[in-house]
Amino acid sequence: MTDTIPASRPIRRRIRALSDRSIAWLFVAPTIFLLLAVNIFPLIWTIRLSFTDFRANRPNREVEWVGLENYRRILTDPDIWNTMQVTAHFLVWTIALQVLIGFTLAWLINRKFRGNDLWTTLIVLPMMLSPAVVGNFWTFFYQPQIGLFNYVVSFFSGVDPSSFTMIGSVTLAPWAIIIVDTWMWSPFVMLICLAGLRSIPDYIYEAAEIDRASKWRQFWTITVPMVLPFLMLAVLFRGIENFKMFDLVVQLTGGGPGSTTELASINLKREAFEKWRTGYSSAFAVILFVTVFGLASIYVKALNKVKDR
Amino acid sequence: MKRLLLTTAATLSVSAAFTLSAQAESLTLCWAAWDPANALVELSKDFEAASGHTMNFEFVPWPNFADRMLNELNSGGKLCDLMIGDSQWIGGAAESGHYVKLNDFFDANAITMDAFVPATVTGYSEWPKNTPNYWSLPAFGDVVGWTYRKDWFERPEIAAEFKEKYGRDLVAPATFAELRDIAEFFQGREIDGKTVYGASIYTERGSEGITMGAMDVLYSFGFKYENPEKPYEMEGFVNSPGAVAGLEFYKSLYDCCTLPGSSNAYMGEGIDAYKSGQVALQMNFAFTWPGFEVDPNVGGGKTGYLVNPAGPDGERFAQLGGQGISVVAYSEKQDAALEYIKWFAQPDVQAKWWSMGGFSCLRAVVEDPSFASSQPYAQTFLDSMAIVKDFWAEPAYATLLQDTQKRFHDYVVAGTGTAQEALDGLVADWTVTFEDEGKL
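Those protein sequence lines, which keep their order, are chains A and B. Numbering follows UniProt numbering, with no gaps: position 54 of the first sequence is 54. Numbering follows UniProt numbering, with no gaps: position 335 of the second sequence is 335.
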C-alpha cells in the first residue's frame with residue numbers, strides 16, 4: 001500500500017504535464033486503431049489479394065501473382081457489365097420514385113391536419129423493419145396463387161391473379177424489387193424532406209404572400225430550393241445504400257430469374273463465397289469501391305455548392 | 001431367436017469395447033437440417049448408451065449448409081468432430097486436408113468398402129475417383145426420382161380422358177416424353193374443385209437446385225461431363241446434340257407444366273407443392289419419400305414412386321444425392337469420432353437406420369430379401385441407386401457448380417439464348433476453371 005502511493009504521483013504529474021494536443025491524441029487513438037484494424041487494413045489486404053489468384057477455400061494451394069489479370073477479366077466480362085446495368089436500373093428507378101413519393105408525402109404531412117402524428121408513424125413503419133423480413137413477406141405478397149399483390153392487381157385490372165408472376169418473370173422481376181425498395185425507403189426520404197420543409201421560416205412565405213406570389217411560384221422559388229440540399233442528402237444516402245443493396249433482393253429473387261435482378265453486390269457475393277474466387281472478387285470489390293467513392297465525392301462537391309448558394 | 005441372441009451378443013460386445021475406451025468425450029456431428037438428421041439424433045442415442053460419449057449436433061438448413069460448413073472447414077474450425085458433408089465436397093476436403101483419410105482405420109477395424117453399394121462408395125468416399133482412397137463412410141444414400149399421384153392416375157374419368165387424348169393408358173411414364181405428356185395433361189386441370197398443375201421440378205438459382213434437376217434429365221439424353229478417354233476434354237460431350245436436346249426438354253417442361261411462381265423451387269418447394277395437392281408429378285430426392293407415406297393428403301397408397309424415366313435413346317440415369325460421414329482433421333477428439341464411425345458401420349445399426357427413415361448404403365441392408373417390400377418406395381430407391389451419376393467432385397466444384405447454375409437458370413427460367421449457347425458457354429466456363437486449376 002505504502003509503495004503504490006509514491007509511484008502514482010509521478011504518473012499523475014506526467015498526465016498533468018501532457019499538452020492538450022497529446023490528450024486529444026490519447027482519446028482519438030483507440031478509434032483510429034479500430035478504424036485501421038477494421039477498415040484500412042482489410043482494404044489494403046483486399047487490394048493486395050486482387051492481384052493474386054488466391055482462393056479462400058483452398059488455403060494450402062500455392063498463390064500466384066497475376067498482376068492486372070483479374071481486372072482485365074472483370075472489365076471484359078459481359079456478365080459483369082450486365083450486373084452493372086441491372087444495378088444502374090435499380091438505382092435510378094428506386095431513387096427517382098423514392099424522391100418523388102418521399103417529397104410528396106413530406107409535403108402532405110407538413111400540412112397541419114388531425115392525426116398528423118399517427119400518419120407519420122404509420123408511414124415510417126416499413127423502414128423500421130428488417131430488409132430480410134421485408135423480402136421474405138413480399139415473396140408471399142407476390143405469390144401468384146395466394147399473394148395479396150396479385151389479387152390487388154387482379155381486382156383493379158381484371159386479369160387472372162395466377163396469370164402473372166412478379167418475381168418469376170424476366171420483365172416484371174426488376175420492377176418487383178424496385179416496388180419493394182420504394183415501399184420500404186420512401187419514408188426515409190420523407191423524413192429528411194420533412195426536416196427540410198420545417199426548417200423554412202414562415203416569414204419567407206409571408207413575404208411572398210405580400211408580394212402576391214402564387215402558391216405554384218412559392219413552391220418553385222422557395223420550397224424546392226430550400227429543401228434541395230436535404231433532398232440531395234437523401235439521394236446520397238439512398239444511392240450509396242442501393243449501390244450495395246443485397247439482403248432485400250436476395251430474399252426476394254435471389255438475383256433471378258436467370259440474372260435479371262443480379263445486382264453487383266449479389267454477383268460479388270457469388271464470386272467470393274460461392275465460387276471462392278477470392279482474388280477475382282477482391283478485384284471486383286476494389287472496382288466497386290472506387291466507383292462508389294468517386295461518384296460520392298463528385299456528388300458531395302455538388303451538394304456543397306448547392307448549400308453555399 | 002438365434003438372430004436375437006446374435007444381435008444381443010454383438011451389442012453387448014460392442015458396448016463392452018466402448019465402455020473400455022479411454023474417456024468419455026463430447027462429440028459434435030455436423031449435417032444439414034432435415035428429416036434424416038432428426039432420425040440420426042434418435043439413432044445416436046444407442047451410441048451414447050454404448051460408448052459413454054455424448055453426441056451434440058449442428059444442423060444447418062440446406063440453402064446455407066455448404067456456405068456454413070465449408071467456411072468451418074476452410075477456417076480449420078474445431079466445431080465439428082464428424083461431418084456428413086455433401087458428395088461434391090470430397091475432392092476439395094481431401095486435397096485441402098479437411099478430412100482424415102480412413103483407409104488404415106477401415107483396415108484395422110475390418111470395415112470393407114465392398115460391403116457398401118458401389119455407387120455410394122465412388123460418390124461419397126473416394127478421392128481421386130475410382131481409386132481406393134477413402135475419406136468417408138457412405139452414410140446416407142440419396143438419388144433424384146419422381147413421385148406421382150397414383151390416386152389421380154387411377155380415377156376412371158381421368159384415365160379415360162387421357163387414353164382418348166394420347167391413345168395409351170395413364171400409367172407411370174417409361175420415358176421423359178411420356179412424362180411431359182402426363183404433366184401437360186394435368187396442367188391447369190380441375191380436380192376436386194381445385195386447379196392442379198403438371199409437375200414440380202428443380203429451378204432454384206442460389207445453391208445447386210437447377211443443376212441437380214437439369215442434370216437429372218440431361219444424363220439420359222446423352223450428356224457427359226468429359227471424354228471418357230481423355231479427362232477434362234468437354235467439347236462435344238457437355239454440349240453434344242443429346243445434351244442440347246436434354247436441356248431443351250427441361251425448359252419445355254418448365255414452360256409447359258410447372259405451377260405458377262416456381263422460378264426458384266428446390267426440395268422444400270417441391271415437397272410443399274406435392275403435399276398440398278397442387279401437382280401430379282414431382283421431382284425430388286428420395287429422402288422426401290418417407291414423409292409422403294405418412295402424410296394425410298398424399299400418404300396411404302396415394303403416391304407412386306418412379307425411377308427416372310428413359311431418354312430418347314433408351315438411356316436411363318439419375319442424379320446422385322446423399323453424403324458420407326467423415327472425421328474432421330481439425331478435431332481434437334478423432335479417436336472418439338472414429339469410434340462413432342465404427343459403430344455406425346455395423347449391420348444392425350444400419351438396419352435400424354433404414355427402419356428410422358435413413359437411407360442405408362450397406363449392401364447387407366439393401367440386398368436383404370425383405371428390403372424391397374419393407375417400404376413402398378424401397379424398390380424404386382434400389383433401382384435408382386443402380387443408375388446414378390454425380391456432378392464434378394473436383395476441388396473447384398463450387399466454381400463449376402455456380403457456373404452451371406447461372407447458365408441453366410439463364411436459359412431455362414429466364415429464357416435467355418438457346419440451349420446450345422448455354423452449353424457452349426458452360427464448356428467455356430469450365431475450361432477457364434480447369435485451366436486455372438492447372439488441369440488443362
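Just so it is clear, CB atoms sit at the ideal spot from N, CA and C, and this is done for glycine as well.
Query, Result
"Tell me the DSSP secondary structure of B:Ala280 in three-state form.", "strand"
"Taking only the alpha-carbon atoms, compute the straight-line gap between A:Gly279 and A:Val66 and give it to the nearest angstrom.", "9 Å"
"Excluding five sequence neighbours on each side, which residues of the same chain lie with their C-beta closer than 6 Å to the C-beta of A:Thr83?", "Glu262, Ala264 and Asn267"
"Out of B:Phe408, B:Trp289 and B:Asp313, state which residue places its alpha-carbon closest to the alpha-carbon of B:Pro376.", "B:Trp289"
"Which residues, in order along the stretch 162 to 176 of chain A, keep a beta-carbon less than 9 Å from a beta-carbon of chain B?", "Ser162, Ser163, Phe164, Thr165, Met166, Ile167, Gly168, Ser169, Val170 and Ala173"
"Please go through the same chain and pick out, in chain order, the residues whose beta-carbon is closer than 8 Å to the beta-carbon of B:Asn227, but skip the five residues on each side of it.", "Glu233, Met234, Gly236 and Phe237"
"For A:Pro144, which residues in chain B fall below 9 Å Cβ to Cβ?", "Leu259, Pro260 and Gly261"
"What are the complete beta strand (DSSP E) segments, minimum 3 residues, inside the stretch 168 to 231 of chain A?", "none"
"Look at the alpha carbon of B:Gly145 and the alpha carbon of B:Asn308, and state the distance between them as a whole number of angstroms.", "5 Å"
"Within its chain, find whatever has a CB closer than 8 Å to the CB of A:Val170; leave out the 5 residues flanking it on each side and keep chain order.", "Pro257, Gly258 and Thr260"
"Return the residue from the list B:Ile271, B:Leu170 and B:Thr120 that minimises the CA-CA distance to B:Cys361.", "B:Thr120"
"If you reduce the DSSP assignment to three classes, tell me which class A:Arg147 lands in.", "Checking the sequence, you will find Gly at residue 147 of chain A rather than Arg. Note: A:Gly147 maps to coil in three-state DSSP."
"Label A:Glu206 either buried or exposed according to how many other C-beta atoms from any shown protein chain fall within 10 Å of its C-beta, with 16 as the threshold for buried.", "exposed"
"Note down, in chain order, each residue of its chain lying with its Cβ closer than 8 Å to the Cβ of B:Val14, except the 5 sequence neighbours on either side.", "Model confidence at B:Val14 stands at a pLDDT of 46, short of 50, so the residue's coordinates are unreliable; what they give is reported in the following sentence. Result list for B:Val14: Ala50, Trp343 and Gln346, in chain order."
"Any idea if A:Arg13 is buried or exposed, counting beta-carbon neighbours within 10 angstroms, 16 or more meaning buried?", "exposed"
"My understanding is that B:Tyr219 touches B:Phe317, with C-beta atoms under 8 Å, so please give their C-beta distance in whole angstroms.", "4 Å"
"Applying the criterion that 16 or more other CB atoms from any shown protein chain within 10 Å of the CB defines a buried residue, is B:Tyr254 buried or exposed?", "buried"
"Helix, strand or coil, according to DSSP, for A:Asp20 in the structure here?", "helix"
"Does the beta-carbon of A:Leu125, which I'm using as the reference point, lie nearer than 7 Å to any heavy atom of the ligand ZN?", "Because no ligand of any kind appears in the structure shown, any question about the ligand ZN cannot be addressed here."
"Could you compute how far the alpha carbon of B:Ala245 sits from the alpha carbon of A:Ser282?", "38 Å"
"Give a yes or no on contact between the stretch 28 to 47 of chain B and the stretch 59 to 72 of chain B, applying the rule of three or more CB pairs nearer than 8 Å.", "yes"
"Using a Cβ-Cβ distance under 8 Å, would A:Ala296 count as near chain B?", "no"
"In chain B, what lies closer than 7 Å to residue 329 of chain A by C-beta?", "No information on residue 329 of chain A is available, as it lies outside the stretch 1 to 309 that chain A covers here."
"Using a Cβ-Cβ cutoff of less than 7 Å, which residues in the same chain neighbour A:Ala56 once the five nearest sequence positions on both sides are dropped?", "Trp276 and Thr278"
"Can you list, in chain order, the residues of the stretch 248 to 276 of chain A whose Cβ is nearer than 9 Å to any Cβ on chain E?", "Note that chain E does not occur in the displayed structure, where the protein chains are A and B."
"What are the start and end residues of the alpha helix (DSSP H) that includes A:Met127?", "Asn116 to Met128"
"Specify the secondary structure class of B:Gln405 as computed by DSSP and reduced to three states.", "helix"
"Taking a cut of 8 Å between CB atoms, which residues from the stretch 373 to 395 of chain B lie near chain A?", "Pro395"
"Could you tell me if A:Ser214 is buried or exposed, where buried requires 16 or more neighbouring beta carbons within 10 angstroms of its beta carbon?", "exposed"
"Tell me where the beta strand (DSSP E) around B:Lys194 begins and ends.", "Lys194 to Ser200"
"Looking only at its chain, what residues have a beta carbon closer than 8 Å to the beta carbon of B:Lys150, apart from the 5 residues adjacent to it on each side?", "Gly301, Lys302, Thr303 and Gly304"
"To the nearest whole angstrom, what separates the beta carbons of residue 357 of chain A and A:Asn110, a pair I think is in contact under 8 Å?", "Here chain A has residues from 1 to 309 only, and residue 357 of chain A is not among them."
"Indicate the three-state DSSP secondary structure (helix, strand or coil) for B:Gln346 in the structure shown.", "coil"
"Here's the rule: buried if 16 or more other CB atoms are within 10 angstroms of the residue's CB, otherwise exposed. What is B:Ser326?", "buried"
"Can you give me the start and stop residues for the beta strand (DSSP E) that A:Trp107 sits inside?", "Not the beta strand (DSSP E): A:Trp107 falls in the alpha helix (DSSP H), residues Pro78 to Ile109."
"Assuming B:Thr258 contacts B:Gly311 (C-beta within less than 8 Å), just tell me the rounded distance between them.", "Wrong, their Cβ atoms sit about 20 Å apart, outside the cutoff."
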